[in-house]
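Colleague:
There are 2 protein chains.
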Amino acid sequence: MSHTPGARQAQKEQTRQALLDAGLQLLDRQSLSSLGLREVTRAVGVAPAAFYRHFPDMAALGVALVGEALGSLHAVIRDALAGGQDAEDLIDRTVAVTAAYVDEHRAHIRFIARERYGGVQPVRAAIAAELGRFTDEVAAGLAPQPASAGWSVADLRVLAGLYVDHMVLTAAAIMEVPEDDPAAREEITRAARLRMQIISLGRSHWAERGA
Amino acid sequence: MSHTPGARQAQKEQTRQALLDAGLQLLDRQSLSSLGLREVTRAVGVAPAAFYRHFPDMAALGVALVGEALGSLHAVIRDALAGGQDAEDLIDRTVAVTAAYVDEHRAHIRFIARERYGGVQPVRAAIAAELGRFTDEVAAGLAPQPASAGWSVADLRVLAGLYVDHMVLTAAAIMEVPEDDPAAREEITRAARLRMQIISLGRSHWAERGA
DNA sequence: TCATTCAGTAAACAGCTGTTCGCCGAGTCT
DNA sequence: AGACTCGGCGAACAGCTGTTTACTGAATGA
Numbered sequence: 001m002s003h004t005p006g007a008r009q010a011q012k013e014q015t016r017q018a019l020l021d022a023g024l025q026l027l028d029r030q031s032l033s034s035l036g037l038r039e040v041t042r043a044v045g046v047a048p049a050a051f052y053r054h055f056p057d058m059a060a061l062g063v064a065l066v067g068e069a070l071g072s073l074h075a076v077i078r079d080a081l082a083g084g085q086d087a088e089d090l091i092d093r094t095v096a097v098t099a100a101y102v103d104e105h106r107a108h109i110r111f112i113a114r115e116r117y118g119g120v121q122p123v124r125a126a127i128a129a130e131l132g133r134f135t136d137e138v139a140a141g142l143a144p145q146p147a148s149a150g151w152s153v154a155d156l157r158v159l160a161g162l163y164v165d166h167m168v169l170t171a172a173a174i175m176e177v178p179e180d181d182p183a184a185r186e187e188i189t190r191a192a193r194l195r196m197q198i199i200s201l202g203r204s205h206w207a208e209r210g211a
Numbered sequence: 001m002s003h004t005p006g007a008r009q010a011q012k013e014q015t016r017q018a019l020l021d022a023g024l025q026l027l028d029r030q031s032l033s034s035l036g037l038r039e040v041t042r043a044v045g046v047a048p049a050a051f052y053r054h055f056p057d058m059a060a061l062g063v064a065l066v067g068e069a070l071g072s073l074h075a076v077i078r079d080a081l082a083g084g085q086d087a088e089d090l091i092d093r094t095v096a097v098t099a100a101y102v103d104e105h106r107a108h109i110r111f112i113a114r115e116r117y118g119g120v121q122p123v124r125a126a127i128a129a130e131l132g133r134f135t136d137e138v139a140a141g142l143a144p145q146p147a148s149a150g151w152s153v154a155d156l157r158v159l160a161g162l163y164v165d166h167m168v169l170t171a172a173a174i175m176e177v178p179e180d181d182p183a184a185r186e187e188i189t190r191a192a193r194l195r196m197q198i199i200s201l202g203r204s205h206w207a208e209r210g211a
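From first to last, the protein sequence lines are chains A and B. When we follow the UniProt record's numbering, the leftmost residue of the first sequence carries the number 1, and every step to the right adds one. When we follow the UniProt record's numbering, the leftmost residue of the second sequence carries the number 1, and every step to the right adds one.
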């Protein structure tokens, strides 16, 4: 096999991952455009020049982090959409899943929220592309539902985008709440559920909208 | 008068404004956390040390920019809310006003979108505070409308937050579209109007929501 | 008119940055 | 066993960074 790991590639992959981990950790308190190459290699305990064996740029490391952060999310979305038919339950579950995801991937979520409109163009583009893919997925999941009768394909994609943006906003809001303040956190999730209810209500009355 | 400008204070204010302008321009392609003090003073044509006569920090300059960017928005919001009663017209007008505002204050809007979840804590806090104030204003504007019957004060604030977040999202989306692509821009504003319609529809059917 | 205030200066500080270079030595392939 | 690949190293490069210092000179106020 040509792509059997081998001790060689395994070591390389390990260093690469260490660079990603250190970068993500350092991005807790700053944006990607101010993250230094030496800063990252120093945190890993490796020579500055070693960085170039893995990434040509800081931007490239950022793009790799986007993949890490949003790659594992597709399964989550599928689960959220597939579940029971009751709209109220579905909303509760979606918000709960989002909250749990933030807890497990706090640093990644912060990175996405921070760099979505951040100063590094390739990273912004990578995030936009990934979120666009999510929107397509959500739209595809919405289409077969009975509540989608009377919706054009284009309009359904707009609705899906509304859901996706709302999910990102909710994740960012949960992330910003201090961990030791469960009351504030409950307030955030309550608002998130309410927002989803408003949107879903608008969706279900779409057919009867007037002038 | 002790606070009459005087040639002295006028000159100082002028330099301060030049620092803000240069900073904002440089932030077109990077985030605040990577903006250098010398970079800004160089662009203005002033000695590095002069910076400290106006701001203790880059963070302080950032906070001042938040005020600049969002201070002039209150009047716009008031206008948008006050207008005609017809829901459809109100939506069209709101989106149009938002688009126009982006054109006039492109750099400021980019700054807000970029730093809302950016790496500089005091700036994030300033933006959150200002947006919170907007939310209160919108909630207060919504309350007296007939469509707000059956809404609790707390829920109205959540709805207002939804509108505000949606406005910021729309502004950011318009800002990202290239200026020489009116078709893409029309697509964005169409989606923005559609989103507002969904939300408004949900709002007006709030009373009859079920389990 | 004379003393005071203070925005802006020039220079120096130590310390950091990204990038290139040739070299080493362990893992790999034949 | 021998040739080769290639991830990581250490050193050097020019150039940049924020911050402090003592200063100048014009606007100010008595």
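Idealized CB from N, CA, C, for every residue including glycine.
So with Cβ pairs under 7 Å, would you call Y117 of chain B a contact of chain A?
Modeller: Within the second sequence, numbered from 1, the residue matching residue 117 of chain B stands at position 117. So yes, Y117 of chain B belongs to the interface.
Colleague: Show which residues of chain B have a CB atom less than 7 Å away from the CB atom of L162 of chain A.
Modeller: Along the first sequence, one-based indexing puts residue 162 of chain A at 162. Per Cβ cutoff of 7 Å: R195 and I198.
Colleague: For R124 of chain A, count neighbouring C-beta atoms within 10 Å of its own C-beta (all shown protein chains included) and say buried if the count is 16 or more, exposed if not.
Modeller: As a working mapping, residue 124 of chain A is identified with position 124 in the first sequence. That one is buried.
Colleague: Name the residue from B:A128, B:R203 and B:E187 whose alpha carbon lies nearest to the alpha carbon of V95 of chain B.
Modeller: Counting from one through the second sequence, the residue named residue 95 of chain B turns up at place 95. V95 of chain B has its Cα closest to that of B:E187, out of B:A128, B:R203 and B:E187.
Colleague: Between A:I174, A:A59 and A:D136, which has its C-alpha nearest I77 of chain A's C-alpha?
Modeller: On the first sequence, residue 77 of chain A is found 77 positions in, with the first residue counted as 1. Checking every option, the nearest Cα to that of I77 of chain A belongs to A:D136.
Colleague: Heavy atom of the ligand HEM less than 6 Å from the Cβ of R193 of chain A, yes or no?
Modeller: As presented, the structure is devoid of all ligands, the ligand HEM included, so that no description of it is given.
Colleague: Can you pull the chain B neighbours of W151 of chain A, defined as C-beta to C-beta under 8 Å?
Modeller: In the first sequence, counting from the first residue as 1, residue 151 of chain A sits at position 151. Simply none; closest approach about 11 Å.
Colleague: Determine whether the Cβ of D89 of chain A lies closer than 7 Å to any Cβ atom of chain B.
Modeller: As a first step, residue 89 of chain A is located in the first sequence; it is residue number 89 there, counting from the start. D89 of chain A does not count as touching chain B.
Colleague: Which first and last residues belong to the alpha helix (DSSP H) in which R16 of chain A is found?
Modeller: Within the first sequence, numbered from 1, the residue matching residue 16 of chain A stands at position 16. That run of the alpha helix (DSSP H) goes G6 to L26.
Colleague: Across the segment 105-113 of chain A and the segment 21-41 of chain A, are there enough close Cβ pairs to call them in contact, namely three or more that are closer than 8 Å?
Modeller: At 8 Å Cβ cutoff, the stretches touch.
Colleague: Can you give me the C-alpha to C-alpha distance between Y117 of chain B and G36 of chain A, rounded to a whole angstrom?
Modeller: Translated into positions along the second sequence, residue 117 of chain B becomes position 117. Translated into positions along the first sequence, residue 36 of chain A becomes position 36. Rounded to whole angstroms, Y117 of chain B to G36 of chain A spans 20 Å at the Cα level.
Colleague: Could one say the Cβ of D103 of chain B lies closer than 7 Å to chain A's Cβ atoms, at least one of them?
Modeller: Translated into the one-based positions of the second sequence, residue 103 of chain B becomes position 103. Cβ-Cβ to chain A under 7 Å: no for D103 of chain B.
Colleague: For A47 of chain B, which of helix, strand or coil comes out of DSSP?
Modeller: Looking up residue 47 of chain B in the second sequence gives position 47. Correct three-state label for A47 of chain B: coil.
Colleague: Fully enclosed by the segment 169-196 of chain B, which alpha helix (DSSP H) runs are 4 residues long or longer?
Modeller: Fully enclosed alpha helix (DSSP H) runs of 4 or longer: not present.
Colleague: Alpha carbons only, please: which of B:A192, B:A147, B:V168 and B:D155 is nearest the one belonging to D86 of chain B?
Modeller: Within the second sequence, numbered from 1, the residue matching residue 86 of chain B stands at position 86. The candidate whose alpha carbon is nearest that of D86 of chain B is B:A147.
Colleague: What three-state label does DSSP hand W151 of chain A in the structure shown?
Modeller: Within the first sequence, residue 151 of chain A is the residue found at index 151, counting from 1. Reduced to three states, the DSSP call for W151 of chain A is coil.
Colleague: Quick test of your reading: S6 of chain A and L32 of chain A, contact by CB under 8 Å. State the CB separation rounded to the nearest angstrom.
Modeller: Counting from one through the first sequence, the residue named residue 6 of chain A turns up at place 6. Counting from one through the first sequence, the residue named residue 32 of chain A turns up at place 32. The sequence as given places Gly at residue 6 of chain A; Ser does not occur at that position. Contact doesn't hold; Cβ gap of about 32 Å is too wide.
Colleague: By the DSSP assignment, the alpha helix (DSSP H) with P122 of chain A in it spans what residues?
Modeller: Residue mapping note: residue 122 of chain A aligns to position 122 of the first sequence, counting from 1. Unbroken alpha helix (DSSP H) run through P122 of chain A: Q121 to L142.
Colleague: So, are the CB atoms of F51 of chain A and T41 of chain A less than 7 Å apart?
Modeller: Indexing the first sequence from 1 puts residue 51 of chain A at position 51. Indexing the first sequence from 1 puts residue 41 of chain A at position 41. Yes, the Cβ-Cβ distance between F51 of chain A and T41 of chain A is below 7 Å.
Colleague: Taking G83 of chain B as part of the alpha helix (DSSP H), name the residues at either end of that continuous run.
Modeller: Translated into positions along the second sequence, residue 83 of chain B becomes position 83. Element bounds for G83 of chain B: n/a, residue is neither H nor E.
Colleague: Whole angstroms is fine: what's the gap from L142 of chain A's alpha carbon to S204 of chain A's?
Modeller: Looking up residue 142 of chain A in the first sequence gives position 142. Looking up residue 204 of chain A in the first sequence gives position 204. Straight-line Cα distance between these residues: approximately 12 Å.
Colleague: Measure the CB-CB distance between A191 of chain B and V164 of chain A and report whether it falls below 7 Å.
Modeller: The residue given as residue 191 of chain B occupies position 191 in the second sequence. The residue given as residue 164 of chain A occupies position 164 in the first sequence. No, the pair does not count as a contact, with Cβ atoms beyond the cut-off.
Colleague: What is the DSSP secondary structure of A118 of chain A, reduced to helix, strand or coil?
Modeller: Stepping through the first sequence from its first residue, residue 118 of chain A is reached at position 118. Checking the displayed sequence, the identity of residue 118 of chain A turns out to be Gly instead of Ala. Coil.
Colleague: Along the chain, where does the alpha helix (DSSP H) that runs through G62 of chain B open and close?
Modeller: Here residue 62 of chain B refers to the residue found at position 62 of the second sequence. Per DSSP, G62 of chain B belongs to the alpha helix (DSSP H) from M58 to G71.
Colleague: Three-state secondary structure (DSSP) at L35 of chain A?
Modeller: The count along the first sequence starts at 1 and reaches residue 35 of chain A at position 35. L35 of chain A: coil per DSSP, three-state reduction.
Colleague: Determine the direct distance from the alpha carbon of A82 of chain A to that of H3 of chain A, and round the result to whole angstroms.
Modeller: For this step, residue 3 of chain A is matched to residue 3 along the first sequence. For this step, residue 82 of chain A is matched to residue 82 along the first sequence. Only weak support is given to the placement of H3 of chain A: the predicted model assigns it a pLDDT of 44, under 50, and the value that follows is read from those uncertain coordinates. Distance between the alpha carbons of H3 of chain A and A82 of chain A is about 35 Å.
Colleague: Would you identify the three-state DSSP class for F111 of chain A, choosing helix, strand or coil?
Modeller: Taking the first residue of the first sequence as position 1, residue 111 of chain A is located at position 111. Here F111 of chain A sits in helix by DSSP.
Colleague: Using C-beta distances below 8 Å, list every residue in its chain close to H166 of chain B, excluding the 5 sequence neighbours before and after it, in chain order.
Modeller: Sequence index remark: in the second sequence, residue 166 of chain B carries index 166 (1-based). Only A192, R195, M196 and I199 meet the Cβ criterion.
Colleague: Given that a residue counts as buried once 16 or more other Cβ atoms are within 10 Å of its Cβ, and exposed if not, what is V153 of chain B?
Modeller: Mapped onto the second sequence, residue 153 of chain B falls at position 153. Per the 10 Å Cβ criterion, exposed.
Colleague: Out of curiosity, what's the CA-to-CA distance linking A18 of chain B and V44 of chain B?
Modeller: Taking the first residue of the second sequence as 1, we reach residue 18 of chain B at position 18. Taking the first residue of the second sequence as 1, we reach residue 44 of chain B at position 44. About 6 Å.
Colleague: Using beta-carbon positions only, say whether A171 of chain B and V66 of chain B come within less than 7 Å of one another.
Modeller: Reading the second sequence from its first residue, position 171 is the one you call residue 171 of chain B. Reading the second sequence from its first residue, position 66 is the one you call residue 66 of chain B. No, these two residues do not count as a Cβ contact at 7 Å.
Colleague: How close, in whole Å, do the beta carbons of A59 of chain B and V120 of chain B come, if the pair is a contact with beta carbons under 8 Å?
Modeller: Residue mapping note: residue 59 of chain B aligns to position 59 of the second sequence, counting from 1. Residue mapping note: residue 120 of chain B aligns to position 120 of the second sequence, counting from 1. Their Cβ separation, rounded to whole angstroms, is 5 Å, which keeps A59 of chain B and V120 of chain B in contact under 8 Å.
Colleague: Please confirm whether A69 of chain B and I174 of chain B have their CB atoms less than 7 Å apart.
Modeller: Translated into positions along the second sequence, residue 69 of chain B becomes position 69. Translated into positions along the second sequence, residue 174 of chain B becomes position 174. Not closer than 7 Å, so no.
Colleague: DSSP three-state label for R209 of chain B, please.
Modeller: Within the second sequence, the letter at position 209 stands for residue 209 of chain B. Three-state result, R209 of chain B: coil.
Colleague: Cβ of S31 of chain A less than 7 Å from any chain B Cβ?
Modeller: Your numbering for residue 31 of chain A matches position 31 in the first sequence. Chain B contact via Cβ: present.
Colleague: Suppose you measure from the CA of P122 of chain B to the CA of S34 of chain B; what does that come to, to the nearest Å?
Modeller: As a first step, residue 122 of chain B is located in the second sequence; it is residue number 122 there, counting from the start. As a first step, residue 34 of chain B is located in the second sequence; it is residue number 34 there, counting from the start. When rounded, the distance between both Cα atoms is 15 Å.
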